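Peer 1:
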Amino acid sequence: MINLEMTQRMIDIKSSMNNMANSMLRPISRYYDENEHKYPQELDMFRTIKIMSRPKKKKAGEETKPETPDPKKLGQNLSTVLVIEEMCWGDLGLLLSFPNAGLGNAAIAAVATDEQMARFGDKWASMAITEPGSGSDSGSITTKATLDGDEWVLNGEKIFVTCAERAEVAVIWATVDRSAGKAGIKSFVVEKGRPGFKLEKLEHKLGVRASDTGTYVLDDCRIPKDNILGSAEVKQSTEGFKGVMKTFDNTRPLVAAMALGVTRAALDFTREKLEESGIKLDYEKNPNNLSAMEKEFYMMEAHLEAMRLLTWRAAWMMDNGEFNNLEASMAKAKAGRYGTLICQKCCELLGPLGFSCECLAEKWMRDVKITDIFEGTGQIQHLIVARNVLGYSSKQLK
Amino acid sequence: MDDKPFGFGMSEEQSSMKETIARLMKSAVIGNPAHDMDESRTLPREIIDKVWELGTTVSMVPEEYGGYGIDYSPIMNTIVLEELAYGDMALAIAANLPSLFIFTLLALGTEEQKKKYLPLYCDAAYKPCAAAVNELRFQFDAVAPETKAQRIGAKYVLNGKKCFVPMAKDAGHFLVAADLDGKANLFIVDGRNPGLKIGEREKNLGLYALETYPVTLENCEVPAEDRLGGEQGCDYGKFLQKSRTALCAVATGVARASYEYARDYAKERVQFGEPIAYRQSIAFMIAEMAYEVDAMRLMTWKAASALEAGRDAKREAYLAKLYAGEMAMKITDYGVQILGGHGYIRENPVERYYRNGRGIAILEGMAMV
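The listed protein sequences derive, respectively, from chains A and B.
So for the first sequence, the working numbering puts the first residue at 1; every next one is plus one.
So for the second sequence, the working numbering puts the first residue at 1001; every next one is plus one.
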C-alpha cells in the first residue's frame, strides 16, 4: 500500500535521535573539526552498542525459513536511514567515528562464519578497498594475497581508509589471482599489530575531519588462512565480486541519508536566520511574488524532500526484499549532488555567516561534499542509473 | 488510532487501474491520435467518454449523492492523473473536469450543496464543469484573486475576469474563485447565469487540444447558498492543496512521457557509428530524467498521503508543486535537447511535452484529486 505519512514509530525515532544529536554531537562538532585526528572520547560510551550485529545463525540442519517482511513493522533499513539523518544533522564526521560501526563491521556481519564472528564480531573494523591507482574502478585493485602454507601473505597499499587509526582490525580487499580479474578479488581480515601491516599516514581533509582517514601499507603481512571472508575459491564467474558490489546497494541509501542530515542542518539554520530577520515562510504565496531568497529556500526544501523520498524508497525496498540497485543509486546520485549544491547555496544566502567559522554552515558545506564522493561518486551513480534504465551493460556504456 | 503502515508499494487495485488506463492511452491516444488532437486543436469526445466510463471518480462518491461509496483516495487519483497525462496532458485535464467539481464539493461543500449538485455529475455520461481560478495579469496569485465578490441581500455579486477556463462553452457549472472581504472564496455559478460571459477561445503556448476561454463576470448574481461551504465560506487553502497535488500528478505524467520517448530515441539514433545513448553526456541526462520523474511522483504521493490521512497538506502540496513546475520544464527541455533538431519539429511529441510542461508552474485549479 502507498502511504508516505510517517508512522508514530518513525516520528519517535527521529525525535529521540535528534535530541541525542543535539545534546551530544552538536556541542563537540566544531572542536573535532578543528582538532583533526584527535579521537572523540565522548563517543566511547557507544562502544558497547552493537550497531552492526546479526541474529545468531541457527544450528546446522535446522531449516531456516526466509523471513517474510511484516508490512506493519518498521524495517531495519528504513529505521537506520532515519537514525543516520538525525545523527548527521548533528555531525557527519562524528557519525563516521562511531566505534564498531565501520563499513568493515558491515562486511564482517554480512559474510563471516560463526567462528569468524566470534573472533572479529566485537572488534572495530575498517574497510580498505581504494588504492592509489584504483578508485571507482575497484575491480582493478593490485594488492595481492598469496597462500603460503597455513597463511595468506598480503602485499600492497590501501588509501582513503575510514577509521584507519581507530579500527582494531581491517578488512582488506586483495586479489588472489590477477589473471582472473574481478573473480579473483577476495576480502581478508587483518588484525592490527600483525608484522608487515603499517598505518602509513593520516590524511588532512576538506571536511569530516573528526573521522580519521588513512593509508595502510602491507609488506609481506602474514595472516591465518581462515582470515579470509567467504570462499577462497576463484570461480569462473564474477558472482562473488558482484555479491560484494551488491552490499553497496545496501549502503548507498545510508550515504544518501548522511547527505539528508547535513543538508537539513544547513537548511534549518538558514530558516532560523530568515525567521529572525522577519521573513515568514507560509507555503502559500505564488513563488513569483516572493523574494529571490525565499524562493531559493523553498526550492532547496523541495529538493531535500525529493532526496529524502528517493532514499526512503531505496531503504524500504531493501526491507521488503526487493532488488534496489537502480533505486539505491538514484538516491545517492540525487542526494550527493543536491546536498552539495544546497549546502553551498545556504552559505551564499547566509552571507558572512556562511563564511565565518563562528557558525557551522561553512563546515556543513565541507562535510556534505564527501557524500557525493565516497561509496561511488555521483558520476558512478549516474552511470549505474543510466545502464539500468537503458538496459546497457558496463561494456556498452562505459 | 492504529497507524497505517508506511510504504511505497501499489495495491493490486492501484496497479490494475494504472494498467487499464495505460492500455487505453496506448491504444487510443499515444502517437498519432495525440499529435492530431494537438494539431487540430480538438479533443474527440469519445476518448473523454472512455476515460469517464472507467468510473474512478463516481466510485468514490458516497451512495447518498449518487456514487458507489468506495473510499475516497487522493493517492488513487494521482495514479489516474499521471497515467492520463502520460497519454496527453490536455486530455488529462479535460477528463478530470467533472472530478474537479465533484471532489471540491465533496471536501468543501455543505450538505445541501452536495445533495443538490453531486447527483448531477455522478452520471454515466461525462458532463464538464470548470474552475475559473486564473487571471490574465502580471503577479497573479491564486490566494489573492482580483475578481471580487460582494454581498448584497440574499446574493453575492461577482465582478472580474478569468482566463484559462477549460471547456467553458460546455460547462454546466463553474467554481469561481473570488475575493470576499480580503479572503479568497469559491462560488458555484450556473453555466447559464446571464452575468457570466464566455469570450473567444484562447490561444495558448501549450494544451492546443484543450478548449480554454476567458470568462468575464459582470455583476454576476449568485444566490447566497451557492457560496461554497455556506455562510462560513470554505477552506480555500484545501482547494489549492488538492488542485496543486493533482497538477503534480499531471506534471509527472508529462515529464515521464518526455523522458521515455527521449530514452528510447537515444538508443535508436546512431551517430558516429553508435547509438547516442552510449555517450555519457546523453546517458547522464537520461539518468537524471529517470530519478527526477520518480522524485516528482514520490512528492506527489507524499502530498496525497497527507490528504488521504485528512491532514493539512499545505507544505507538502506547495513544495511538490514548486518541484513539479521546475522539473516539468527541465525534463521536457532535456527531451527536446536529446532529439536535437528533430525535437524541434512538431512531428515528434517532445516539442508538445515541452510546451505543455511549461504550464505546470503557471496554472492553478486545473485538476483535482
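Yeah, the Cβ is synthetic: ideal placement off N, Cα and C, and Gly gets one too.
Predicted model, so just to flag it, every value in this text is computed and none were measured.
1. What does N286/A reach in chain B if we use C-beta pairs closer than 8 Å?
2. Given this structure, state the Cα-to-Cα distance separating L309/A from M1010/B, to the nearest angstrom.
3. To the nearest angstrom, how far is the alpha carbon of R209/A from that of M258/A?
4. I want to verify the contact list: residues of chain B whose CB lies under 9 Å from the CB of H37/A, in sequence order.
5. Work out the CA separation of I185/A and S138/A for me, nearest whole Å.
6. Which residues share a DSSP beta bridge with F1008/B?
7. Taking only beta carbons into account, state which residues of the region 361 to 385 of chain A come closer than 7 Å to chain B, listed in chain order.
8. So with CB distances below 7 Å, who are the chain B contacts of N289/A?
9. So, is the C-beta of R1041/B closer than 8 Å to a C-beta in chain A?
10. Quick check: the region 1285 to 1292 of chain B against the region 1244 to 1260 of chain B, are at least 3 beta-carbon pairs closer than 8 Å?
11. What separation, rounded to the nearest whole angstrom, lies between the Cα atoms of E1211/B and D1038/B?
12. Quick one: is the Cβ of M1368/B within less than 7 Å of any heavy atom of the ligand COA?
13. Within 10 angstroms of the Cβ of H303/A, are there 16 or more other Cβ atoms? Answer buried if so, exposed if not.
14. Looking only at C-alpha atoms, which of F355/A, D91/A, A331/A, V189/A sits nearest to I129/A?
15. Between L82/A, L43/A, E165/A, which lies nearest to H37/A when the distance is taken from Cα to Cα?
16. For A383/A, which residues in the same chain have their Cβ closer than 7 Å to its Cβ, ignoring the five residues on either side in sequence?
17. Is there a C-beta anywhere in chain B that falls below 8 Å from the one on I2/A?
18. Quickly, what does DSSP pair H1173/B with across the bridge? List them, please.
19. Could you tell me the distance, in whole angstroms, from the CA atom of M45/A to the CA atom of W1301/B?
20. Judging by CA-CA distance, which residue of D212/A, C347/A, D177/A, I13/A is the nearest neighbour of E233/A?
21. What separation, rounded to the nearest whole angstrom, lies between the Cα atoms of A1107/B and A1361/B?
22. Please report the straight-line C-alpha distance between Y1213/B and N1219/B, rounded to a whole angstrom.
23. Give a yes or no on whether 8 Å exceeds the smallest Cβ distance from P1005/B to chain A.
24. If I follow the unbroken beta strand (DSSP E) through W173/A, where does it start and stop?
25. Taking the alpha helix (DSSP H) that M1076/B belongs to, which residues open and close that run?
26. Whether or not the region 1271 to 1279 of chain B and the region 1314 to 1328 of chain B are in contact is what I'm after, with contact meaning three or more pairs of Cβ atoms, one per stretch, closer than 8 Å; do they touch?
27. Restricting to Cα atoms, I'd like to know which of V1029/B, G1172/B, K1203/B is closest to R1382/B.
28. In chain E, what lies closer than 8 Å to V389/A by C-beta?
29. Could you tell me the boundaries of the alpha helix (DSSP H) in which Q381/A lies?
30. My guess is that M307/A and A265/A are in contact by the Cβ rule of under 8 Å, so how many angstroms apart are they, rounded?
31. Taking only beta carbons into account, state which residues of the region 322 to 339 of chain A come closer than 7 Å to chain B, listed in chain order.
32. To which residues of the same chain is E200/A closer than 8 Å at the C-beta, ignoring the five residues directly before and after it?
33. Return the residues of the region 2 to 22 of chain A that lie within a Cβ-Cβ distance of less than 9 Å from chain B, sorted by chain order.
34. Just how far apart, CA to CA, sit L1158/B and L1298/B?
35. Should the region 9 to 26 of chain A be regarded as contacting the region 84 to 94 of chain A, the criterion being three or more beta carbon pairs within less than 8 Å?
36. Spell out the partners DSSP gives L1217/B in its beta bridges.
Peer 2: Checking against the coordinates, here is how it stands:
1. Q1139, F1140, D1141, A1142, V1143
2. 16 Å
3. 15 Å
4. Within 9 Å Cβ-Cβ: nothing; H37/A doesn't reach chain B, min ~37 Å.
5. 10 Å
6. I2/A
7. H382, V385
8. Q1139, D1141
9. no
10. yes
11. 11 Å
12. Looking at this structure, you won't find the ligand COA or any other ligand, since it has none at all.
13. buried
14. V189/A
15. E165/A
16. The sequence given here places Leu at residue 383/A; Ala does not occur at that position. So the list reads L397, once near-sequence residues are dropped.
17. yes
18. D1190/B
19. 41 Å
20. D177/A
21. 24 Å
22. 19 Å
23. yes
24. 169 to 175
25. 1074 to 1087
26. no
27. Any answer about residue 1382/B is impossible in this case: the structure gives chain B only from 1001 up to 1369.
28. The question asks about chain E, but that chain is absent: this structure's protein chains are A and B.
29. 378 to 390
30. The Cβ separation is near 14 Å, so there is no contact.
31. M330, A333, K334
32. E157, G214, T215, Y216, V217
33. I2, N3, L4, E5, M6, T7, Q8, R9, M10
34. 39 Å
35. yes
36. G1160/B, L1196/B
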